Amino acid sequence: MSTEPDAALIEQGRKLFAGDWRFIWASPSIETLPPMAGLEVAFAGRSNVGKSSLINALTGRSNLARTSHTPGRTQELIFFEGPEKAGFRLVDMPGYGYASAPKTKVASWTALIHKFLLGRATLARVYVLIDARHGIKDVDLDVLKTLDKSAVSYQVVLTKADQVKAGELKTVIADTSATLAKHPAAFPEVLVTSSRTGDGMPELRAAMVRLIEERRR
Ligand SMILES: Nc1nc2c(ncn2[C@@H]2O[C@H](COP(=O)(O)OP(=O)(O)O)[C@@H](O)[C@H]2O)c(=O)[nH]1
Ligand SMILES: [Mg+2]
Numbered sequence: 001m002s003t004e005p006d007a008a009l010i011e012q013g014r015k016l017f018a019g020d021w022r023f024i025w026a027s028p029s030i031e032t033l034p035p036m037a038g039l040e041v042a043f044a045g046r047s048n049v050g051k052s053s054l055i056n057a058l059t060g061r062s063n064l065a066r067t068s069h070t071p072g073r074t075q076e077l078i079f080f081e082g083p084e085k086a087g088f089r090l091v092d093m094p095g096y097g098y099a100s101a102p103k104t105k106v107a108s109w110t111a112l113i114h115k116f117l118l119g120r121a122t123l124a125r126v127y128v129l130i131d132a133r134h135g136i137k138d139v140d141l142d143v144l145k146t147l148d149k150s151a152v153s154y155q156v157v158l159t160k161a162d163q164v165k166a167g168e169l170k171t172v173i174a175d176t177s178a179t180l181a182k183h184p185a186a187f188p189e190v191l192v193t194s195s196r197t198g199d200g201m202p203e204l205r206a207a208m209v210r211l212i213e214e215r216r217r
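Quick note on numbering: full-length UniProt numbering labels position 14 of the sequence shown as 14, and the sequence is numbered without any gaps.
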């Protein structure tokens with residue numbers, strides 16, 4: 001399956017994300033999730049990988065999702081809703097792999113992340129964000145394993161592509177693709193993005209339009 005979007009999808013994606021996006025809900029626990037409705041797309045990844053920045057870049061809003069220089073700040077699932085009448089939401093997930101947090105806290109966030117990924121019927125896709133400077137780490141593999149067990153389609157998105165040289169980027173794409181080849185449930189293609197330059201945003205928006213269309217057929 002090709003994920004190369006055509007011009008019409010790119011334009012629909014631009015329109016969808018140019019609309020009015022707003023914060024609707026924050027859940028610190030699995031018991032306090034919003035009622036299931038519409039479609040949800042979640043962004044998962046280590047603390048500081050660029051999840052909140054990506055949501056801001058997608059929606060063209062500088063401060064919809066709160067970004068942070070201090071890793072481990074977002075400990076809740078944060079829901080944003082778009083202009084689509086039938087309901088389309090983005091979910092900013094708590095970061096995992098935050099080494100300096102207390103162990104019990106890390107355990108409870110990890111449980112929250114894994115429970116959400118496994119048990120949410122409205123969750124249509126998960127984008128697993130990987131820092132282009134670092135590639136896939138062991139904590140990321142744990143999340144990929146959980147996703148393999150879930151019914152959710154998932155894809156890896158490299159972030160901060162502006163921070164690496166073209167040659168290094170090629171290597172990290174090849175290494176990431178090789179890892180994904182061992183995860184048949186994952187999209188084989190890796191999306192390359194930079195929230196700073198906007199690279200990859202049109203393609204990512206188009207991919208979500210395609211997902212919405214597939215689900216409504
Ligand atoms: N150079 C660069 N920095 C980025 C990019 N995306 C995020 N950052 C920075 O990385 C840090 C963490 O970003 P944030 O979105 O809060 O990460 P989160 O913890 O995954 O939500 C912030 O200082 C951002 O400015 C990017 O595409 N390029
Ligand atoms: Mg964040």
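Virtual Cβ for every residue (Gly too), placed ideally from N, Cα, C.
It should be emphasised that the depicted structure is a prediction, and the values quoted were computed from it without experimental measurement.
Item to check | Option nearest Asp175 by Cα separation, candidates Leu147, Val156, Trp109 | outcome: Val156
Next on the checklist: So, under 8 Å CB-CB, Thr193 and Ala161 are touching, yes? Tell me the CB distance rounded to an integer number of Å.
Outcome noted: 6 Å
Checklist entry - How long is the line joining the alpha carbons of Glu81 and Ala185, rounded to whole angstroms? => result 27 Å
Checklist entry - Is it right to say Ile24 is buried, meaning 16 or more other beta carbons lie within 10 angstroms of its own, or is it exposed? => result exposed
Item to check | Helix, strand or coil at Trp109 [DSSP, three-state] | outcome: helix
Checklist entry - Helix, strand or coil: how does DSSP classify Leu122 here? => result Before going further, note that residue 122 is Thr rather than Leu in the sequence given. Here Thr122 sits in coil by DSSP.
Checklist entry - In whole angstroms, what separates the C-alpha of Ser29 from that of Ala111? => result 9 Å
Next on the checklist: Nearest by alpha-carbon distance to Asn9: which of Arg215, Glu214, Arg216, Val209 is it?
Outcome noted: Strictly speaking, residue 9 in this sequence is Leu, with Asn absent from that position. Answer by Cα proximity: Val209.
Checklist entry - Secondary structure at Ile30, three-state DSSP: helix, strand or coil? => result helix
Next on the checklist: Measuring straight from C-alpha to C-alpha, what distance separates Leu191 and Val91?
Outcome noted: 18 Å
Item to check | Selected residue, minimal CA-CA separation from Tyr96, among Leu129, Gly87, Leu158, Thr197 | outcome: Leu129
Next on the checklist: Can you list, in chain order, the residues of its chain with a C-beta nearer than 6 Å to that of Glu84? Leave out the 5 residues immediately preceding and following it.
Outcome noted: none
Checklist entry - For Val164, does the three-state DSSP call read helix, strand or coil? => result coil
Checklist entry - Looking at the structure shown, is Ile136 part of a helix, part of a strand, or coil, going by DSSP? => result coil
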